[in-house]
Each structure stands twice: as structure tokens, then as C-alpha cells.
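A.B. asks: Positions 1 to 194 (UniProt numbering) are the ones given, in order, by the sequence shown.
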Amino acid sequence: MDVRLTWKHALLAVLLAGALVWLVTWLSHRNSQQLVIDAERQAQIVELEDANADLAVEAERAHDDADGEREYREQSQAGLDRAQEAIRIMQVRGLRKAVTVTGCVEERDALRLQNDGLILHNESLFSETLALRREIVLQRRIIENHEERDLIKDRRYDSLKRTQKQQRRKNIWTAVGTNLGSFTIGIGIGRVSS
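What follows is the structure in C-alpha cells.
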């Protein structure tokens with residue numbers, strides 16, 4: 001009985017293997033057909049996407065054209081507004097011109113007076129500057145004279161010191177010579193008396 005079960009199991013395994021091979025073959029054939037269909041669908045999708053992109057570009061161009069036309073209208077309106085404003089300003093200036101001429105004359109006279117005052121102030125500053133420059137030159141001369149005096153005093157002082165030093169040396173040598181002479185005379189007298 002064990003042999004039959006084993007044989008039955010082997011037969012069942014062979015049948016199952018055959019069924020499995022048939023199923024795999026059928027599925028692979030179906031998948032290959034599906035791949036062909038998918039490739040065709042993919043090509044159609046790409047064509048549709050390209051067409052959609054072209055339509056989007058056309059829509060953008062139409063939108064840009066509409067924006068350009070709108071912008072042109074806005075610029076034209078702005079130009080007209082500026083022209084009207086310029087005309088209004090010219091009219092206002094024309095009305096004010098008569099009034100401003102008098103104001104300009106008065107302002108000119110005031111500026112002339114102010115200018116005259118500035119000229120006088122400038123002359124005063126110039127005079128003060130000249131006086132200060134003269135004072136600076138005078139102070140420099142005084143300083144230079146003091147420096148020269150100090151230099152002369154220093155030279156005289158140095159000369160006096162040298163003279164005093166020489167006199168001291170002379171006095172020392174004189175004293176040494178006198179003492180030395182007395183000493184030798186004393187020695188000579190002592191020898192003679194002995």
C-alpha cells in the first residue's frame with residue numbers, strides 16, 4: 001500500500017507539474033499579447049500627451065497675446081493720462097507764471113542782498129586770516145630769536161665752562177709746580193746743610 005501511495009503521489013505530481021507548465025505558458029503568452037497591447041496604448045498615450053502639450057502651448061500663446069493686447073491698451077491709456085496731466089500742468093503753470101514773475105524778482109533781490117552780506121563776511125574773514133598769518137609769522141620769528149639766543153647763551157656758557165676748566169687746570173699745575181719747587185729747594189737746602 002505504501003508503494004501505491006508513492007506511485008499515486010508521483011503521478012499526481014507529474015500531472016500537477018504539467019498543469020503548472022501549461023498555466024505558465026498560457027500566462028506568458030497572454031502577458032506577451034498584453035505587452036503588445038500596452039505598447040500600442042503607450043504610443044497612443046504619448047501621441048495624446050504631445051497633442052495636449054501642443055494645445056497647452058497654443059493656449060499660452062493665445063493668453064500671452066491677450067495679455068499683450070491688454071498691456072498695450074493699459075500703456076496707451078497711461079500715455080493718454082500722462083498727456084492730459086502734462087496739459088493740465090501747462091495750464092496751471094501758465095496761470096501761475098504771472099504770479100511767479102513777481103515772486104522771482106523778489107527772491108532774486110533777496111538773494112542779491114544775501115550775496116552782498118556774504119561778500120562782506122568773506123572780506124572780514126579774509127582780513128582776519130591775514131592778521132592771523134601775520135601773527136603766526138611774528139610768533140615764529142620770536143621763537144627763532146629765542147632759539148638763537150638760547151644757542152648763543154649755550155655757546156657762551158660752554159666757552160665759560162671751558163675757560164673755567166682751563167683756569168682750574170692752570171691753577172692746579174701752578175700749585176703743583178710751586179709745591180714741587182719748594183720741595184726740591186727744601187731738599188737741596190737740607191743736603192747743603194748736611
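Every residue, glycine too, gets a C-beta built ideally from N, C-alpha and C.
1) If you draw a straight line from the C-alpha of Leu11 to the C-alpha of Thr25, how long is it?
2) Straight-line CA distance for Leu55 to Glu71?
3) Could you check the C-alpha separation between Arg88 and Glu123 for me, to the nearest Å?
4) Go through the segment 62–106 residue by residue and report every complete run of the alpha helix (DSSP H) that reaches 4 residues or more, in order.
5) Please work out which residues of its chain come closer than 6 Å, Cβ to Cβ, to Glu49, disregarding the five sequence neighbours upstream and downstream, and give them in chain order.
C.D. replies: Considering the structure as presented:
1) Annotation: Leu11 to Thr25 spans about 21 Å, alpha carbon to alpha carbon.
2) C-alpha separation (whole angstroms): 24 Å.
3) Distance from the CA atom of Arg88 to the CA atom of Glu123, rounded to whole angstroms, is 48 Å.
4) With a minimum length of 4 residues, no continuous alpha helix (DSSP H) run stays inside the segment 62–106.
5) So the list is empty, once near-sequence residues are dropped.
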